[in-house]
Each structure stands twice: as structure tokens, then as C-alpha cells.
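Colleague:
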Amino acid sequence: MAMPAPLANEKKRVKVYELRENDWFDRGTGFCTGQIINDEPRIYVESEDHPERMLLETRILKEDGYQKQQDTLIVWTENNGTDNSCDMALSFQEAEGCAVIWEFVQQVQQQLLSLPGETLHRPVPDVPCLYIQDDGLSDDALDHISTSFTLNPPELSNLDEIEANIRQASLTQGGREALAKFLIKEEYLLKLIPLVEMAEDLESLPDLHRLCNIMKALILMNDNTIIEHLVTDEIIIGVVGALEYDPDFPTHKANHRQYLSDESRYKEVVEIKDQNIKRKIRQTWRLQYLKDVVLARILDDPTFGVLNSLIFFNQVDIVQHLQNNTAFLKELFAIFSPDNTDLKRKEQAVQFLQQCTAVAKTLQMQARANLLNNFIAHGLFAVITFAVKHPEPAMRTTGVEILVALLDHDPNMMRGYMLKAVHEKKTPLTDTLIDLLHAETDLGVKNQLADAIKILLDPQPPSNDPMGNRQSSEFMTKLSRPPHITQAQQQNEQFAQDNFDRSCRKLFAPLKALGSRESMQNFSYQEVSLFSYLVEILTFFVRQHPIRSRPFVISENLAVRVAQLLLVSQKPLKLTALKFFRTAIALQDQFYIAQVIKSDAFEAILNIVLDTMPRDNLLNSACLELFEYIRKETIKPIIHHLGEIYRPKLQELSYIDSFQHLLIRYEQLTHDRPAPEHTLFSQGDATPPTHRPSLGGRWRGIADMDASEEDYFNTSDDEEDDHDGGMEQESSKDVSDRMQWHRRRMKVELMNGGASPISKPLVDYPDDDEDETMDVKAAATPETPLTPDSGKETSPPEVKSAAQKMLQPSPDIKSTGEPDLQQPPERISEKRRRQEEDDDDELGKLSGGSKRRNSSSSVSSVASHGSLRRKKGFLRSKQAEEPATLPSSVDTENRVGVQKPKKIAISISNVTNQDDDSATQQAQSEQSATISEQG
Numbered sequence: 001m002a003m004p005a006p007l008a009n010e011k012k013r014v015k016v017y018e019l020r021e022n023d024w025f026d027r028g029t030g031f032c033t034g035q036i037i038n039d040e041p042r043i044y045v046e047s048e049d050h051p052e053r054m055l056l057e058t059r060i061l062k063e064d065g066y067q068k069q070q071d072t073l074i075v076w077t078e079n080n081g082t083d084n085s086c087d088m089a090l091s092f093q094e095a096e097g098c099a100v101i102w103e104f105v106q107q108v109q110q111q112l113l114s115l116p117g118e119t120l121h122r123p124v125p126d127v128p129c130l131y132i133q134d135d136g137l138s139d140d141a142l143d144h145i146s147t148s149f150t151l152n153p154p155e156l157s158n159l160d161e162i163e164a165n166i167r168q169a170s171l172t173q174g175g176r177e178a179l180a181k182f183l184i185k186e187e188y189l190l191k192l193i194p195l196v197e198m199a200e201d202l203e204s205l206p207d208l209h210r211l212c213n214i215m216k217a218l219i220l221m222n223d224n225t226i227i228e229h230l231v232t233d234e235i236i237i238g239v240v241g242a243l244e245y246d247p248d249f250p251t252h253k254a255n256h257r258q259y260l261s262d263e264s265r266y267k268e269v270v271e272i273k274d275q276n277i278k279r280k281i282r283q284t285w286r287l288q289y290l291k292d293v294v295l296a297r298i299l300d301d302p303t304f305g306v307l308n309s310l311i312f313f314n315q316v317d318i319v320q321h322l323q324n325n326t327a328f329l330k331e332l333f334a335i336f337s338p339d340n341t342d343l344k345r346k347e348q349a350v351q352f353l354q355q356c357t358a359v360a361k362t363l364q365m366q367a368r369a370n371l372l373n374n375f376i377a378h379g380l381f382a383v384i385t386f387a388v389k390h391p392e393p394a395m396r397t398t399g400v401e402i403l404v405a406l407l408d409h410d411p412n413m414m415r416g417y418m419l420k421a422v423h424e425k426k427t428p429l430t431d432t433l434i435d436l437l438h439a440e441t442d443l444g445v446k447n448q449l450a451d452a453i454k455i456l457l458d459p460q461p462p463s464n465d466p467m468g469n470r471q472s473s474e475f476m477t478k479l480s481r482p483p484h485i486t487q488a489q490q491q492n493e494q495f496a497q498d499n500f501d502r503s504c505r506k507l508f509a510p511l512k513a514l515g516s517r518e519s520m521q522n523f524s525y526q527e528v529s530l531f532s533y534l535v536e537i538l539t540f541f542v543r544q545h546p547i548r549s550r551p552f553v554i555s556e557n558l559a560v561r562v563a564q565l566l567l568v569s570q571k572p573l574k575l576t577a578l579k580f581f582r583t584a585i586a587l588q589d590q591f592y593i594a595q596v597i598k599s600d601a602f603e604a605i606l607n608i609v610l611d612t613m614p615r616d617n618l619l620n621s622a623c624l625e626l627f628e629y630i631r632k633e634t635i636k637p638i639i640h641h642l643g644e645i646y647r648p649k650l651q652e653l654s655y656i657d658s659f660q661h662l663l664i665r666y667e668q669l670t671h672d673r674p675a676p677e678h679t680l681f682s683q684g685d686a687t688p689p690t691h692r693p694s695l696g697g698r699w700r701g702i703a704d705m706d707a708s709e710e711d712y713f714n715t716s717d718d719e720e721d722d723h724d725g726g727m728e729q730e731s732s733k734d735v736s737d738r739m740q741w742h743r744r745r746m747k748v749e750l751m752n753g754g755a756s757p758i759s760k761p762l763v764d765y766p767d768d769d770e771d772e773t774m775d776v777k778a779a780a781t782p783e784t785p786l787t788p789d790s791g792k793e794t795s796p797p798e799v800k801s802a803a804q805k806m807l808q809p810s811p812d813i814k815s816t817g818e819p820d821l822q823q824p825p826e827r828i829s830e831k832r833r834r835q836e837e838d839d840d841d842e843l844g845k846l847s848g849g850s851k852r853r854n855s856s857s858s859v860s861s862v863a864s865h866g867s868l869r870r871k872k873g874f875l876r877s878k879q880a881e882e883p884a885t886l887p888s889s890v891d892t893e894n895r896v897g898v899q900k901p902k903k904i905a906i907s908i909s910n911v912t913n914q915d916d917d918s919a920t921q922q923a924q925s926e927q928s929a930t931i932s933e934q935g
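Using UniProt numbering, read the sequence shown as starting at 1 and increasing by one per residue.
1) If you drop the 5 nearest sequence neighbours on each side, which residues of the same chain put their C-beta closer than 6 Å to that of Ile593?
2) For the beta strand (DSSP E) holding residue 953, just list the boundary residues, first then last.
3) If we cut at 7 Å on Cβ distances, does Asp39 have a partner in chain D?
4) Count the CB pairs spanning the stretch 154-169 and the stretch 196-207 that are closer than 8 Å, and state whether there are at least three.
5) Is the CB-CB distance between Glu440 and Lys512 below 7 Å?
6) DSSP state of Ile298, grouped into three classes?
7) I think Gln364 touches Asn314, with their Cβ atoms under 8 Å apart; what is that distance to the nearest whole Å?
8) CB-CB under 7 Å to Leu606, same chain, minus the five flanking residues each way: which ones, in chain order?
9) Quick one: complete alpha helix (DSSP H) runs, 4+ long, within the stretch 408-444?
10) Whose C-alpha, out of Arg505, Leu73, Leu624, is nearest the C-alpha of Tyr655?
11) When the Cβ atoms of the stretch 96-109 are set against those of the stretch 34-48, are three or more pairs found closer than 8 Å?
12) Can you tell me where the alpha helix (DSSP H) holding Thr150 begins and where it ends?
13) Please classify Phe104: does DSSP put it in a helix, a strand, or coil?
14) According to DSSP, simplified to helix, strand and coil, what is Leu449?
15) Under the rule that 16 or more other beta-carbon atoms within 10 Å means buried, what is Ala349, buried or exposed?
16) Run through DSSP, which three-state label would Arg53 get?
17) Give the range of the alpha helix (DSSP H) segment to which Leu558 is assigned.
18) If you run the structure through DSSP and keep just helix, strand and coil, what is Ala89?
19) Please classify Thr690 as buried or exposed, where buried requires at least 16 other C-beta atoms within 10 Å of its C-beta.
20) Using a 10 Å radius around the Cβ and a threshold of 16 neighbouring Cβ atoms, would you call Met54 buried or exposed?
21) From Lys11 to Glu186, what distance separates their C-alpha atoms?
22) Please name the residue in His641, Glu263, His256 whose C-alpha comes closest to that of Ser599.
23) Is it buried or exposed for Gly241, if we count other Cβ within 10 angstroms and need 16 for buried?
24) On the criterion of 16 or more Cβ atoms from any shown chain inside 10 Å, does Gly174 qualify as buried, or is it exposed?
25) Using DSSP bridges, identify the partner residues of Asn79.
26) Is Leu61 helix, strand or coil by DSSP?
27) With distance defined between alpha-carbon atoms, name the residue in Ile376, Arg13, Gln351, Tyr66 nearest to Thr406.
28) Quick one: is Thr72 buried, meaning 16 or more other Cβ sit within 10 Å of its Cβ, or exposed?
29) From which residue to which residue does the beta strand (DSSP E) around Pro572 run?
30) Whole angstroms is fine: what's the gap from Tyr66's alpha carbon to Asp39's?
31) Does Arg265 come out as helix, strand or coil in the three-state DSSP assignment?
32) For the structure I just gave you, are there three or more beta carbon pairs, one from the stretch 561-577 and one from the stretch 530-540, closer than 8 Å?
33) Is Arg297 buried or exposed, if buried means 16 or more other CB atoms sit within 10 Å of its CB?
34) In the DSSP assignment, what are the bridge partners of Arg396?
35) If you draw a straight line from the alpha carbon of Asp87 to that of Asn22, how long is it in whole angstroms?
36) Please state if the CB of Phe336 and the CB of Val383 are separated by a distance shorter than 7 Å.
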């Protein structure tokens, strides 16, 4: 049999929905067509905004179970070829378009049902999307089979037979469809409903139980058409009447009919002229009642999903009608104008808006935003203000619920409207909420008000994404750039500043008024609730915005006022006040620690511990945890304060480990420590301790250089060589300390493996016993004079080249590209004696031969520290024992025009300063030793 011809080529405007996690997701609006391409029936929906994009392209299958709901809705289950399937829905703008597509789907499915076997959906190999068709029944035969299911006319005598037939038909999909068509076509339910009153008149409880089971079976068929038919005006009362007699509770009878028949529950604040919308509002309310009350115990998941789907689509249609009906909104919000004195109508309008905002929570984000923005534009804040100021607690609760719905949707939008009111010199809604919080007696309303105020006064909600990896280059790049502040951030900053300057002072006025209160023992339960919420809000501000809260806390003296609450008799309020101090101490901020100490809160806390110590309760445990935290974190100002002021109480509680450790820690902090012993392994001077203050998790950049370090690196080494007089003014004690520091540092590094000496030096220098041999070698080396300006060797190129060929390369005394190292000066007496000896022996040294040349290339070698010390001591003893010699005439002639150097052995003291220049120091030591021997 050939496939039917295309029936729905005309484009019909439609919305596409997909069921995701029991919530209908709007995939977009487009134009729907039904087409048969290559003998494959499909439904296409192309996007209205982007025609090239397909919102839906689905093939019509026999098992999909298409269902038409109301006049504009088609629902089916999309099979993806796997176990996973999803529910889809098409919501048409016009009933005519829905009817055209539905007729196309019906014809296609009737044709598919006429093809027996499992080969219905198997494509022919190599021929895409062609079905293998067997001989099937005609459309007329299919219609005859589909409508062949019948039920006997309902009577009390055959109710058991009707119940059995309905249960049997519900076992298969085809049976359910046939039963649904029969019930609708024959209006069978209208014939069944009168039996309820008949059985009640006869007081036939078994018949009433059978009628209840029949109604349950019809509902659990999970057929949209039947469920919609059950909630119509003609049938709903009889249906819920039968459901009042549940056989599972034979002695109990519900009153569903009385509740649904109460017409006073339908209050039309503003007339809705669209009868279709009015009918949907009534049906939605009945469906909600069935789901939440009547069928709450017996509902299965499929039926629950069908009821939710029907409710959702009805609500979407109702909301779209309301937000697009400008005349309706104007008339609705005009009720709250000052000229209107009808208080009852205003209350009904508030309840209507609260129901609308409750419905908006189930809508998609965009639809919910459009509805709430329309309400705000027409004056929703005036409605909230009227409601929260109403004398009835129920009405105040309704107004707060509207406000909470707005805050849950977009708190930043609400803060923007508050800021706008401040700029326009109007009374912001926050002031109204604060006044209501102070005066409210209903604890439920007070709780909601406190949460709303906390959200409204929080200008910077915490980010879900922290700063991330602070070691990354992206973070360092952002850190180096100036922060970019957007307009929204500027508004938030301005709003926060205004609220902390004005609104918070008004909010915490009752706390400040505690200063004039004489007794803290006569609090009422309303006052306990009020101060609990105020302290919780204050704790939130201190924890989230510690810097911004500082001036407000100190100007209002709030820490002292919170400490007063530790004296009340109500333990929950004590716990709330204790939580504030625990939060302030956990910040480890010097400002808040000083405020806690100033408030004398520890006296009250210690008294609480003393009073509750024999018992284990929440208040006692919280106090002990506070002191344990102070001990563990070693918060020195608080430990000093506790030890100095409350030492007797701490000693009284010393049987508790926390207080015993606090006393020990206080003793350690107050008593002077013994001076550290300077030994070989002592590193106290080598690595002075660095103090790292608590940054509260924030990075404050690279620390500044210490003053002594900065002076050390800013000092030029050449200046020390040129200005010996300035160095001589340094005391001998400082020089000795510096030398000792360098030596100790090198010893520690050698012991720790930081600078392991090489067992064999790169250049084999002679030992102390070979100094005489070194003198002989030095006699053959010509002396090169030193210039008084730089103190560096100057030799002709030819002499330097010859020396390099004759001798092994040795390290330079000083590399040309390396600055002089800072050296501790010699003692003044020794310096003068050495300088006089140099003056007398200079000519004799020059006449003794040329000294060994230094290589132009520096060779880095490491020698042992002990050998260097022996060489240094040997040179000094030799120079002290040898008598001064007069210069010869030959030496005088050879030194015409050359001035004597001021210092020859200046690099001896550098041995202990830097390990990698030790070879250079040894070479100079040998040179000095040779000069001394020749003298």
C-alpha cells in the first residue's frame, strides 16, 4: 500500500518543548510542516529567527504514541534507537494548525499500524528510508478494529465486569487507545457518574469501592485525553465523589466535592475576558488538587509526569496571556493607587500576584524574567510595600514571599532598583524591611525578612570560580595591569557604600541601644529573635566584607554591644553572640582582635565555661573550641590579654588541656629566652627568622628589601678600595663580627653539603712547607708594579704573553668583568704596620725578579678552608719576623715614574667571603709570601 500523500505542507507557527528532568525545556519557536520524503513521513520545525536551523526533525513511528492534548498541543515519546527516550511536545499558536498536523500524524500512524510484522521500521539495504511493506489492512478496516472495543452500559450490577474489562484493556497500548476513543466517543463517563449518588443513596459501600477503583484505573491509564476529560466542569465533581470512598481506607471518607464545589475560592480580581484562559485556570487548579491531594498516595511516575505536563502547559498559556495583556496589567496594578480605598480588593490582588510569582518559578528563565519585569514596570514594589506593612501576619507573609521570589530570580536586579530609589531620593524598600524586622512579632515573617535584608545588603556575592592558579602567567599579567571597573561594579560599590553608611546604622540601632539597658535578664522571645537575626547579619558582614565593616563596627561600638548579649539567660542568643566573636578571631585581623579584647568578651566567655563546665552541652563546647583555636593558632595579643587579666580563671580551669596549654604558652611568650649558643652548627645569625604575617589568604606581592640588605647592595666595592680612611673608622668589634659571620656561614654550608669542597683543586698549589721553593720560583719572575688608582696589575703585552707560555695558568686576582667584593677592613694598628713594611721593602721586592704572571682567563677552583687559614697565618708570621731592607739603586732606577702601591695583600681577607674565588686568593697569597721572603 502506498504511503498517504502529504497533508501538512503549510507552515504552522509552533513552540517546541523537550522534557528534561521532569521540566519542560523550550527549544525555540518555529514553523511546523509534515512531509513525506522518500516514503519517510517526518515532522519538520524550522527556526523562526534562523530559518536555516532545524529545531525539530523527527520520523513518525508506530510506537511513538502521539497524543493530542486540548486544542493546541501534541505530545509524544521520541525513540532515539536506544534505551534512552525523551518526551517531546508541540504547542501551536492556533488550533487550526494543530488540527492539520494531528490529522497528518493520525493518517501516517494508521497506515503504519496496518503493516504487520517487525519489518515495519527496517530500511531496505542500500535504499535509504524505504520500508518493507507487507499486505496490510485498509484504513476502513483499521478504524473498525480500533473502535471495536465496547463496554456494557454502566449499572450497579455489572460494575465488577466493567472494572475487569478496563483493567484488561489497560495492559496494552492499543487497548488503552481503543478504550480512550470509546470513552470519549460514547461519553461513557457521563453515564457512569450518576451511579455514585445512586450507591450513596443505597449506602452500598462495595459498589462505591468498585466505582473508586474504576476511576483510579482510568486515571492510571496515563492518557492525556481521558485526564483532560475528567477535570471538565460536567464530570469533575462525580469523579472526586467516587474517589472519596477508597477501599484501602474503608472507614474513612474524604470531602473532595465540598472543597472543589466551593465557588468562593474563585476570586476574579480583574475580569479575564478570554474564556479559554478562564477554563484553563480552573482545570489547572483541579489538576493540582488531584496531584497533591486526591491521588498523592497512588500516583506512579508516568501519571505524575502527565499531570505535571498538563499543569505546566496550562501555566505557560496563562502567563503568556497575562504578560501580553497590557490593559489587564494596568487595571490590576491600578488597584494599589492611593485613590482606591477598597482594602479587600487590594488583598485579593496581592494574593493573585503571589500566585503568579509562584507559577513563574516553574517557567523557563526568559519567560520568568519577562513576567517579573512586566510586573516591576507596572509597580510591583508598591504592592510589596503595601503587603509587608499590612496588619495581618498572613498578608505580610504573602508580601515577603513575592520579594523572595524576586530575590531568587535575580538579586542584582533588585539591588539595582534599590540603588535607583536612593538616587531619586525615595525611600528604598530596604528601609521598609528594616522597620518591619524591628517591629515584627511573627517569627516566620521575621526569618524571611532577615534573609531578604541579608541578600539586599550584600553588594558582592561570593564567586563560584575562585581566582584559580595564582602561579600562572595569566594571574601575574592581571596583577600587573590596573583593574578594570565596569559600570555595574561602580554601581555595586556606590550601593554598598550608601547602605553601610545609612541602612546599616538603621538596621543595628537596637544593638546600639543596648548600652542604655540596665538588665540583660528580662528579654522577651521577640527580642531574643530580633537580636539573634541582627547578630547573624553582622557576623555575615564581618566575614564577607571585613575591610568595609571596620569603620562601621568601631563607630557604633558594636563589639561591646554584642558582648553584652553573652550575659542573657537564653542560650541560643549566647551562642549567636559567641559565633560573632569566633568569626572575628578567625579573621586574624589586628583590628578585629583589638575590638574583641576591648569588648571584655573573654570575661563573660570564661564565666560561661565556669558555670557550664561540669556539663557537656553545645554552649560549653563552643566556648572550649574558641580557646582551643586561640591556642592552636597562637594569637599572641589574645594570649597576652588572657594571661595578664584572667590568669586566676585560667588557673582555675587548668585541669582542661586547652587552658593548661594557654598558660604554658603565655609563660613562653612573656619570659626572656636564653641567649643562643654560637657553635659550629648554630644558624641563628646566619639565617635570621622572617616574620610572615597572616594575609588572610590574599597575596600581597613581593616583600620589600631589608634596610641593611639594601645598603649592602647599593654600596660600591670600588668606593671601599678608594676610601680606606672611611673603612678604618669602623670599629674593630664590627669587623670581627662580620668575619665571624662569614666563617660560620661557610662552615655550616660545608657541613650541610651546600658547598661541598673538591678533594683535589684544579690548580695544584704548594703547601706551607714548600714556601722556600716558591721563593726561588718567584725570583725568576719580574715584578709588575700596581697603579695607585685602580690597584690592578698593568703589564706590557709582550711580558704577559711570555709569562703565559712559561707558567701554568692561574686565576686572576680580580676578573675585569666582575665587581670587587666587599671586604671587612683590617685593624688599624696592623694596617699601619703592614703599610710601613711595604714602604721599606718595595725596592727589594722589585729587584728580586719577575713575579709569576696571572692568566687572563679566570679559572674557578675550590680549595679547602683549613689550608687557606694556614697560609694566611704563615704569611702574617713571616712578614712580622723579617727585618726591613733598604732599596737598592738598581731597584730605584727600575722604578722611575712608578709609585708604590698602598696595599698588596688586600685580598687575603677575601678567602672567607666567597668560596668560588678561593683559587684567586691562593695565588695572591703565594705572591705576597714570595715578596716577603725576598725582603
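All C-beta atoms, glycine included, are put in the ideal place defined by N, C-alpha and C.
Modeller: This is what the structure holds:
1) Stepping through the sequence shown from its first residue, residue 593 is reached at position 593. For Ile593, where only same-chain residues beyond five positions count, the Cβ hits under 6 Å are Pro637.
2) For the chain, the structure presents residues 1 to 935; residue 953 sits outside this window and is missing.
3) Absent from the structure is chain D; it holds one protein chain and no more.
4) yes
5) Locating residue 440 in the sequence shown gives position 440, counting from the first residue. Locating residue 512 in the sequence shown gives position 512, counting from the first residue. Not in contact: Glu440 and Lys512 (Cβ atoms no closer than 7 Å).
6) Translated into positions along the sequence shown, residue 298 becomes position 298. Three-state result, Ile298: coil.
7) In the sequence shown, the residue the question calls residue 364 occupies position 364. In the sequence shown, the residue the question calls residue 314 occupies position 314. That pair is no contact at about 15 Å.
8) The residue you call residue 606 lines up with position 606 of the sequence shown. Excluding sequence neighbours, Leu606 sits near Tyr646, Lys649.
9) 411-423, 429-439
10) As a working note, residue 655 is residue 655 in the sequence shown. Answer by Cα proximity: Leu624.
11) yes
12) For the purposes of this step, residue 150 is taken as the residue at position 150 of the sequence shown. Premise fails: Thr150 is in no alpha helix (DSSP H) and is neither H nor E.
13) In the sequence shown, counting from the first residue as 1, residue 104 sits at position 104. Helix at Phe104.
14) Looking up residue 449 in the sequence shown gives position 449. Here Leu449 sits in helix by DSSP.
15) Walking along the sequence shown from the start, residue 349 turns up at place 349. By the neighbour-count rule (16 or more Cβ atoms within 10 Å), Ala349 is buried.
16) Locating residue 53 in the sequence shown gives position 53, where the first residue counts as 1. Arg53 falls in the coil class under three-state DSSP.
17) Taking the first residue of the sequence shown as 1, we reach residue 558 at position 558. Its alpha helix (DSSP H) spans residues 558-564.
18) Translated into positions along the sequence shown, residue 89 becomes position 89. Reduced to three states, the DSSP call for Ala89 is strand.
19) Counted from its first residue, the sequence shown places residue 690 at position 690. Because Thr690 carries a pLDDT of 41, less than 50, the predicted location of this residue cannot be relied on, and the following value inherits that uncertainty. Exposed is the call here.
20) Taking the first residue of the sequence shown as position 1, residue 54 is located at position 54. Per the 10 Å Cβ criterion, exposed.
21) For the purposes of this step, residue 11 is taken as the residue at position 11 of the sequence shown. For the purposes of this step, residue 186 is taken as the residue at position 186 of the sequence shown. About 34 Å.
22) For the purposes of this step, residue 599 is identified with residue 599 of the sequence shown, where counting begins at 1. Comparing Cα positions, the closest option is His641.
23) If you number the sequence shown from 1, residue 241 lands on position 241. Gly241 is buried by the Cβ-count criterion.
24) Locating residue 174 in the sequence shown gives position 174, where the first residue counts as 1. That one is exposed.
25) For the purposes of this step, residue 79 is taken as residue 79 along the sequence shown, with counting starting at 1. Paired residue(s): Ser85.
26) The residue labelled residue 61 in the question sits at position 61 within the sequence shown. Three-state result, Leu61: coil.
27) Counted from its first residue, the sequence shown places residue 406 at position 406. The sequence given here places Leu at residue 406; Thr does not occur at that position. Minimum Cα distance to Leu406 is reached at Ile376.
28) Within the sequence shown, the letter at position 72 stands for residue 72. So Thr72 counts as buried.
29) The residue labelled residue 572 in the question sits at position 572 within the sequence shown. Per DSSP, Pro572 is not a residue of any beta strand (DSSP E); the alpha helix (DSSP H) it occupies stretches across 571-586.
30) For this step, residue 66 is matched to residue 66 along the sequence shown. For this step, residue 39 is matched to residue 39 along the sequence shown. Approximately 20 Å, taken between the alpha carbons.
31) For the purposes of this step, residue 265 is identified with residue 265 of the sequence shown, where counting begins at 1. Correct three-state label for Arg265: helix.
32) Counting Cβ pairs under 8 Å, three or more are found: they touch.
33) For this step, residue 297 is matched to residue 297 along the sequence shown. Under this definition Arg297 is an exposed residue.
34) Locating residue 396 in the sequence shown gives position 396, where the first residue counts as 1. Its beta-bridge partners do not exist; DSSP assigns none.
35) Indexing the sequence shown from 1 puts residue 87 at position 87. Indexing the sequence shown from 1 puts residue 22 at position 22. Answer to the nearest angstrom: the Cα atoms are 10 Å apart.
36) Locating residue 383 in the sequence shown gives position 383, where the first residue counts as 1. Locating residue 336 in the sequence shown gives position 336, where the first residue counts as 1. For Val383 and Phe336, yes; Cβs fall inside 7 Å.
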